[in-house]
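Single-structure report; data block below.
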Amino acid sequence: MNFRFKRLHTDSLLVLSVFIVASCGLAYELIAGALASYVLGDSVLQFSTIIGTYLFAMGIGSHLSKYVPEDKVLQRFIEIEVLVGLIGGLSAIFLFLAFAWLPTFKTILYALVICVGTLVGMEIPLVMRILNSQKQAFHELVSKVLTFDYLGALVVSLLFPLVLAPMLGLARSAVLFGILNVLVAGWTAWHFYPKVAVLTTQGLSANEQKQQRATHAKIRDRLIVRILVAMVLLLAGLLFADRLVSLSEQKIFKAPVIFATNSPYQRLVVTEKSGHLQLFLNGNLQFSTRDEYRYHEALVHPIMQQLHQGISASKPDLKVLILGGGDGMAAREVLKYDSVQQITLVDLDPKMTEFFANTPRFKTLNKNSLNDPKVNVINADAYKWLEDNDEHFDAIIIDLPDPSQYSLAKLYSESMYHLVQQHLNAEGLIVVQSTSPYYAPRSFWSINKTLQLTGFKTTPYHTYVPSFGEWGFIVASAGKVFEAPTAYQVPVRYLTPEVSREMFVFAPDMQPIEVEPNTLDRQILVHYYLQDWSDE
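In this note's numbering, the protein residues as written are 2 to 537.
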């Protein structure tokens, strides 16, 4: 049966449908890539494989669309919209739960990507066939459909990272787009199936016309039932999305989640177990209150003690730059030195610094350091801030997340350290948190080699942090070689002269190995890091 629709409102509704289905199609792709990066790491690998698989599946869907009979095009389009909305809309929730409970997460991830991609690939060809049934000029038809297809992709590519992901999170964003797909199905069914009576019925008897109307009325009723059921499920998903994601995170982190939020840059999760708090950024442990003092004392005090000892009447005050460290713990340790005049703390994420500046339990933990008048908190990308400013500092403490993806490994590159060098006073010192020399030796020694390539003299050291295992740091200086302190003139919980001496001694199984430096053009550090930790 050939459909002949009245053109009144048809074009505008179908073109609007193209805009929405294009937006939803790209959104599911972005959500799958972001979620895979969040739980698996290596954003470039995850986005590349997700996008490639998704586009391949869309090609399959586009090919399969030609097997839809002409008299079933509209019906199949509505059914596909319902399926895409339901599967794509609930995909993020299901994937979070699958990662927590099922060992075959990657298989499930790519199966969902192929399923959604195939359905999305069928949408545009079916819309074009519906529009073509009105005998429009082919060039006008293609131009109109592709224009709104690309426009929808543009809109969601801006809204998703800037608004939806930080405000709603991945799970609720996916559900929202699922609801939009189902709404497209709903208004398409509502707009077209009541007009069955005006379909061309030339050549049919009155009885045949009556049977035709009855058949389409039944089809429309079944479609509307499916649409309503899908909408109820999606609204339930929207209502319970946060609880289900929290449930999966409690399973992943093996502790109750007491706080979780999304920012444009990362997901922050705080858990509590046996009275101890743990902070996770994008699923990676940043610290535990059980032993964070070990890490932060080892990071800060070796260089600060040497600089503090070197103050003189000609230079009585120290200026300190902290890159990262948005939790305020490193700043807490630096503020123990009365010779410190000013601390500039540059952290990308305002949600991170606001949380640790305003949450009572964490304000107590960091001694309210982020609200200290000596501390100037700047929310900016560390690399960009170094490029745009010309201040000089006596100590630069680089307390950034591990180089698990390219956006982070950039901050461990030769060009980054050249920028750092330009902000360091002649006798100043730098310290870099450098992952584990035991668990991630290629990463650790690559950071060391990169600093040396920049022209720094380096002094690696390490300590044991129970939450992390053996952890490493590197002191870098442009002037004289750093000498480890034998005592500390400020109160510390962990460091003693004996512990301090042992930090600078490397056992035979942590000796330097041959690695390549990390450059901005060839970020080998990401490869080393993922390879190192995949061996554990």
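Here a beta-carbon is modelled for each residue, glycine too, at the ideal position from N, C-alpha and C.
- Item | Cross-strand partners of G473 (DSSP beta bridge) | G473 pairs with H463.
- Message: Across the segment 361 to 374 and the segment 404 to 420, are there enough close Cβ pairs to call them in contact, namely three or more that are closer than 8 Å?
- Response: Under the three-pair Cβ rule at 8 Å, the segment 361 to 374 does not count as touching the segment 404 to 420.
- Item | Beta-carbon proximity of I253 to A101, cut-off 7 Å | In this structure, A101 lies closer than 7 Å to I253 by Cβ.
- List the whole-angstrom C-beta distance separating L87 from G170, where the pair is believed to meet the contact cut-off of C-beta under 8 Å. Wrong, their Cβ atoms sit about 19 Å apart, outside the cutoff.
- Item | Rounded separation between L200 and F78 - CA only | Because L200 sits at a pLDDT of 49, beneath the cut-off of 50, its placement in the model cannot be relied upon, and the following sentence gives the value as read from the coordinates. Cα to Cα, the separation comes out at about 18 Å.
- Query: Based on Cα-Cα distance, which residue from D400, I109, Y489, L278 lies nearest to I475?
  - Reply: Minimum Cα distance to I475 is reached at D400.
- Item | L324 versus L346: straight-line alpha-carbon distance, rounded | One C-alpha to the other measures close to 6 Å.
- Query: Which residues in the same chain as A488 place their Cβ atom closer than 6 Å to its Cβ, once the five residues preceding and following it in sequence are excluded?
  - Reply: Same-chain partners within the cutoff: P498.
- Going by CA-CA distance only, name the one from P404, H302, F357 that's closest to G329. G329 has its Cα closest to that of F357, out of P404, H302, F357.
- Note the first and the last residue of the continuous alpha helix (DSSP H) segment covering N133. First-last of the alpha helix (DSSP H) with N133: 106 to 133.
- Which term fits N519, buried or exposed, when burial requires 16 or more other beta carbons within 10 angstroms of its beta carbon? Under this definition N519 is a buried residue.
- Just how far apart, CA to CA, sit R223 and V378? Computed Cα separation, rounded: 59 Å.
- Item | Contact under 7 Å by Cβ, V74 with I21 | No, the pair does not count as a contact, with Cβ atoms beyond the cut-off.
- Item | Straight-line Cα distance separating P467 from G327 | If I take the Cα positions, the gap works out to 22 Å.
- Query: What distance in whole Å lies between the Cβ atoms of Y39 and R268, which are believed to be in contact at a cut-off of 8 Å?
  - Reply: The Cβ separation is near 6 Å, so the contact holds.
- Message: Can you tell me whether W386 is buried or exposed? The criterion is at least 16 other CB atoms within 10 Å of its CB, across all chains shown.
- Response: Buried, because 16 or more other Cβ atoms sit within 10 Å of the Cβ of W386.
- Roughly how many whole angstroms lie between the Cα atoms of I52 and F95? I52 and F95 have their C-alpha atoms roughly 19 Å apart.
- Item | Whole-angstrom C-beta distance between I125 and V607, which should lie under 8 Å | The structure shown does not extend to residue 607, since the chain spans only 2 to 537, so no value can be given for it.
- Message: Do P167 and P265 count as a contact pair if the criterion is CB distance below 7 Å?
- Response: Yes; because the gap between Cβ atoms is below 7 Å, this pair is in contact.
- Could you tell me the distance, in whole angstroms, from the CA atom of S340 to the CA atom of F394? S340 and F394: Cα-Cα distance of roughly 13 Å.
- Query: Considering H277, what are the terminal residues of the beta strand (DSSP E) in which it resides?
  - Reply: Boundaries of the beta strand (DSSP E) around H277: 277 to 282.
- Task: Indicate whether the contact test is met: 3 or more Cβ pairs, each with one atom in the segment 53 to 67 and one in the segment 293 to 302, closer than 8 Å.
- Result: Contact between the segment 53 to 67 and the segment 293 to 302 is absent: fewer than three C-beta pairs spanning the two stretches fall below 8 Å.
- How would you call T464, buried or exposed, if buried means at least 16 neighbouring beta carbons within 10 angstroms? By the neighbour-count rule (16 or more Cβ atoms within 10 Å), T464 is buried.
- Helix, strand or coil for N369 per DSSP? In this structure, N369 counts as coil in the three-state DSSP scheme.
- Query: Just the Cα atoms here: how many angstroms apart are T119 and V128?
  - Reply: Taking the Cα positions, T119 is about 15 Å away from V128.
- Message: Could you check if V176 belongs to the surroundings of the ligand FMN, using beta carbon to heavy atom distance under 6 Å?
- Response: Of ligands this structure carries none, so the ligand FMN is not represented either.
- Task: Enumerate, from N- to C-terminal direction, the unbroken alpha helix (DSSP H) stretches of 4 or more residues contained entirely within the segment 287 to 368.
- Result: For the segment 287 to 368, the continuous alpha helix (DSSP H) assignments of 4+ residues that do not extend past its boundaries occur at 293 to 310, 330 to 335, 351 to 359, 361 to 366, in sequence order.
- Look up T272 in the DSSP assignment and give the residues it is bridged to. According to DSSP, T272 bridges with V258, Q279.
- Task: Have a look at E392 and D403 and give me their C-alpha separation to the nearest angstrom.
- Result: The straight-line gap from Cα to Cα measures roughly 26 Å.
- Query: Does the Cβ-Cβ distance between A441 and T459 come in under 7 Å?
  - Reply: No, these two residues do not count as a Cβ contact at 7 Å.
- Query: Based on the DSSP output, what are the partners of L84 in its beta bridges?
  - Reply: According to DSSP, L84 bridges with nothing at all.
- What residue does the beta strand (DSSP E) around D400 start on, and which one ends it? Counting along the chain, the beta strand (DSSP E) containing D400 begins and ends at 394 to 400.
- Just the C-alpha distance for L280 and H309, rounded to the nearest angstrom, thanks. So the alpha carbons of these two residues sit roughly 31 Å apart.
- Query: Sorted by chain position, which residues of the same chain lie with C-beta nearer than 6 Å to Y29's C-beta, five sequence neighbours on each side aside?
  - Reply: Taken in chain order, the residues that qualify are G89, V117.
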